[in-house]
Amino acid sequence: MDRDTNHILLCRTLAYSDIEVELLNYDEDLLSRSIAVKDFAARLTAIVPLTHDIFRLEMEIEQPLKFWAGQYVDITVPGKGITRSFSMANPPSEPNRLQFIIKKYGQGAFSSLLDGGLKAGDSLMLRGPFGTCLRRENRSGPLVLVGGGSGMSPLWSILQDQIGCGEPDRPIRFFYGARQARDLFYLDRFAELAKKLPDFRFIPALSDAAPEDNWTGETGFIHEVVRAHLPDMGDAEEIDVYSCGPPPMIDALLPVLQIAGVEADRIYFDKFTPALR
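Encoded structure:
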């Protein structure tokens, strides 16, 4: 116990009278939805290139993985001594066929295996689920998704889960930042969603568009684009924001959301940092 700073070790403390305990960052909904972490044997079924440096890994597991949209697992490559964390891209309604959107980094220990070190039929080990950047249920206000790079993976899972959950439709805006047009993917899928959903928009932005891109969409960093669109989304206090991607992107986005009036407890994010060799 440190009386000067009011710090105590609860595991070494005895209460001799009634006390009140205040839990910081307590989320009753999150605790009630906790899922036990388990190990799963997986078989890699496909490696699909989506761009020049982003791939989709598809796997099958015999035992279904229960998870919430936005969560991740640890993937281990047997015999390689490599374990990395990746977020599911599929919705929880597909517990036996998992997908992961992965960005390849030049010095990435796991992503370097995408050059032939991994192939369909290989065995992998999964452990999870983990993570608290999961879709909150029964919300009616606007849903804002902000991503970059492989941050598309959990956001795509959240989007698919929201669409298929049976809850009333809500306004959805999906912002995705990239450098050039060649870094974009799933454009056809987003176009189909825009046709089907009553109030959905996919808003990509390029920070360094090449002349040959002939780009007519949004330009600049994605947090700047989000700032420009937030006033059109109604009451900021009713907005739920999920952001996944590079730490600098999220660090730039958070003050934009706070200044706009988005409630701190309705902002959920997951920073993706590449693990190098």
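Residues in the sequence shown are numbered consecutively from 899, following the working numbering. Using N, Cα and C, we set each Cβ at its ideal position, and we do this for glycine too.
For Thr974, the pairing in a beta bridge is given by DSSP as Thr981, Met1023. Bounds of the beta strand (DSSP E) holding Lys1169 are 1165-1169. Comparing C-alpha distances from Asp1168 to each of Gly1132, Ser1051, Val946 shows the shortest one belongs to Ser1051. Rounded to the nearest whole angstrom, the C-alpha separation of Pro947 and Phe1083 is 10 Å. Counting only residues of its own chain and dropping the five nearest sequence neighbours on each side, Arg1033 has a CB closer than 6 Å to the CB of Ala967, Gly968, Ile1056, Asp1059. Around the beta-carbon of Cys1142, 16 or more other beta-carbon atoms lie within 10 Å, marking it buried.
Sequence-distant Cβ neighbours of Phe1008 in its own chain, meaning closer than 6 Å and more than five residues away, are Ile980, Arg982. CA-CA distance, Gly1004 to Asp1020, rounds to 22 Å. Straight-line measurement puts the Cα of Leu912 at about 53 Å from the Cα of Arg954. If you draw a straight line from the Cα of Leu1022 to the Cα of Phe1088, it comes to about 31 Å. Nearest Cα to Phe1072 within the set Ala1079, Val1044, Ser930: Val1044. As summarised for the segment 1069-1128, the continuous alpha helix (DSSP H) elements at least 4 residues long and confined to that stretch are 1085-1094, 1120-1127, given in chain order. For Val1154, the uninterrupted alpha helix (DSSP H) run begins and ends at 1145-1158, by DSSP. Selection Leu907, Thr1171, Asp1163, Phe1170 evaluated against Asp927 yields Asp1163 as nearest (Cα-Cα). Judged by beta-carbon spacing, Leu1041 lies beyond the 7 Å limit of Arg1077, meaning their Cβ atoms are not closer than that value. For Cys1142, the beta-bridge partners assigned by DSSP are Gly1045, Asp1168.
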